[in-house]
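Student: Top to bottom, those sequences are chains A and B. Using the working numbering, the letters of the first sequence correspond one by one to residues 513 to 628. Using the working numbering, the letters of the second sequence correspond one by one to residues 115 to 227. Virtual Cβ for every residue (Gly too), placed ideally from N, Cα, C.
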Amino acid sequence: NAGVTQTPKFQVLKTGQSMTLQCAQDMNHNSMYWYRQDPGMGLRLIYYSASEGTTDKGEVPNGYNVSRLNKREFSLRLESAAPSQTSVYFCASSEPKTRQGPNIQYFGAGTRLSVL
Amino acid sequence: QQPVQSPQAVILREGEDAVINCSSSKALYSVHWYRQKHGEAPVFLMILLKGGEQKGHEKISASFNEKKQQSSLYLTASQLSYSGTYFCGTAPAGGTSYGKLTFGQGTILTVHP
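1. So T598 (chain A) packs on V572 (chain A), CB below 8 Å; how close in whole Å?
2. Can you tell me whether DSSP reads L194 (chain B) as helix, strand or coil?
3. Going straight from the alpha carbon of R531 (chain A) to that of Y601 (chain A), what length do you get?
4. Is P227 (chain B) helix, strand or coil when you go by DSSP?
5. What number of angstroms, rounded off, separates the C-alpha of R616 (chain A) from the C-alpha of T221 (chain B)?
6. Evaluate K214 (chain B) with the Cβ neighbour count: other Cβ atoms within 10 Å of its Cβ, from every protein chain shown; 16 or more gives buried, anything less gives exposed.
7. For the stretch 134 to 163 of chain B, list every residue whose C-beta sits within 9 Å of some C-beta in chain A, in sequence order.
8. Between S622 (chain A) and the rest of its own chain, which residues show a CB-CB distance below 6 Å, the 5 nearest in sequence each way excluded?
9. Between L163 (chain B) and Q523 (chain A), what straight-line distance do the alpha-carbon atoms span, to the nearest angstrom?
10. What residues are listed by DSSP as bridge partners for N577 (chain A)?
11. Assuming G203 (chain B) and Q119 (chain B) form a contact by the criterion Cβ under 8 Å, report the distance between their Cβ atoms to the nearest whole angstrom.
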C-alpha cells in the first residue's frame with residue numbers, strides 16, 4: 513500500500529519553463545490537495561479538489577493550474593516557472609466524513625523544485 | 115488567516131517537557147496536529163474536535179479550548195525521536211470548508227541527549 517505518491521522527487525527549472533507535478537493516491541480518497549512549503553511559512557494550500565471533477569483555489573493559487581484527472585490522480589502545473597516558485601511541494605489526500613467532519617490528511621514525500 | 119504557533123523553536127534535553135501552542139483568530143471546529151521530520155512528509159498525530167477535549171499519542175497529548183480558539187500540544191519526558199517540526203492545522207467552525215485545513219507556521223523541536 514503506497515499511500516500518496518509524488519513524482520518527480522527533485523526538479524530544477526529555468527525561469528519560463530513549464531512542468532507538471534504528478535500525484536496519485538491509492539486509498540480511494542475523494543479529496544486531494546496541493547501545498548507549498550517555504551521556510552518559516554508552514555504549509556500553504558495552492559489548490560484542492562473536494563471530489564473527482566471539482567477543483568478550487570486555495571490560499572496561493574497564482575501561477576499554478578491543476579487537473580483532477582480521475583479519483584486517484586491530481587496534477588499541478590506551472591505554466592511559466594518563476595524563481596518565487598522555488599519551494600517544496602506536497603500533495604495530500606483525505607476522506608472527510610461530512611462537509612466539516614474529521615479530516616486526516618495523508619501526505620506524499622514531496623517534490624523539491626528549484627527555479628533558476 | 116494562518117493560526118499562530120508559539121514558540122517558534124524549542125530546544126530540550128531528553129526527558130524534559132515542552133508545550134506548543136496554536137491560536138486562531140477564527141472560531142474553530144477542529145484542530146489537527148502533525149509532525150514533520152527533516153526532509154520527510156508531515157505525519158498526522160492527532161485531531162481534536164470538541165471544546166476542552168484531550169487526546170493522547172504515546173507521551174504526547176493535546177487539548178483544545180474552543181472558547182479561546184486555542185490548542186496546546188504537550189510533550190512529556192521527551193525522546194530523541196520527538197525532534198522535528200510540529201504543525202497545527204485548523205478547520206473553521208461553520209461554513210463549508212470541506213476538509214480544508216489552514217496550517218500554522220510550525221514549531222521546530224530539537225531534543226538533545
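Tutor: Answer, in terms of the structure:
1. Taking the first residue of the first sequence as 1, we reach residue 598 (chain A) at position 86. Taking the first residue of the first sequence as 1, we reach residue 572 (chain A) at position 60. The beta-carbon distance between T598 (chain A) and V572 (chain A), rounded to whole angstroms, is 14 Å. This is too long to meet the 8 Å contact definition.
2. Locating residue 194 (chain B) in the second sequence gives position 80, where the first residue counts as 1. L194 (chain B) falls in the helix class under three-state DSSP.
3. Mapped onto the first sequence, residue 531 (chain A) falls at position 19. Mapped onto the first sequence, residue 601 (chain A) falls at position 89. Reading the sequence as shown, one finds Met at residue 531 (chain A) and not Arg. Straight-line Cα distance between these residues: approximately 13 Å.
4. For the purposes of this step, residue 227 (chain B) is taken as residue 113 along the second sequence, with counting starting at 1. Coil.
5. Stepping through the first sequence from its first residue, residue 616 (chain A) is reached at position 104. Stepping through the second sequence from its first residue, residue 221 (chain B) is reached at position 107. Before going further, note that residue 616 (chain A) is Ile rather than Arg in the sequence given. A straight line joining the alpha-carbon of I616 (chain A) with that of T221 (chain B) spans about 20 Å.
6. Locating residue 214 (chain B) in the second sequence gives position 100, counting from the first residue. Under this definition K214 (chain B) is a buried residue.
7. For the stretch 134 to 163 of chain B, which is checked against every Cβ of chain A, the residues closer than 9 Å are Y143, S144, H146, Y148, Q150, G153, E154, A155, P156, V157, F158, I161 and L163.
8. Numbered from 1 along the first sequence, position 110 holds the residue referred to as residue 622 (chain A). With the sequence shown as reference, residue 622 (chain A) is identified as Gly, and Ser is not the correct amino acid for it. Answer for G622 (chain A): V600 and F602, listed in chain order.
9. Stepping through the second sequence from its first residue, residue 163 (chain B) is reached at position 49. Stepping through the first sequence from its first residue, residue 523 (chain A) is reached at position 11. So the alpha carbons of these two residues sit roughly 39 Å apart.
10. Locating residue 577 (chain A) in the first sequence gives position 65, where the first residue counts as 1. Its beta-bridge partners are A:R589.
11. Looking up residue 203 (chain B) in the second sequence gives position 89. Looking up residue 119 (chain B) in the second sequence gives position 5. That belief does not hold up - the Cβ atoms of G203 (chain B) and Q119 (chain B) are roughly 11 Å apart, past 8 Å.
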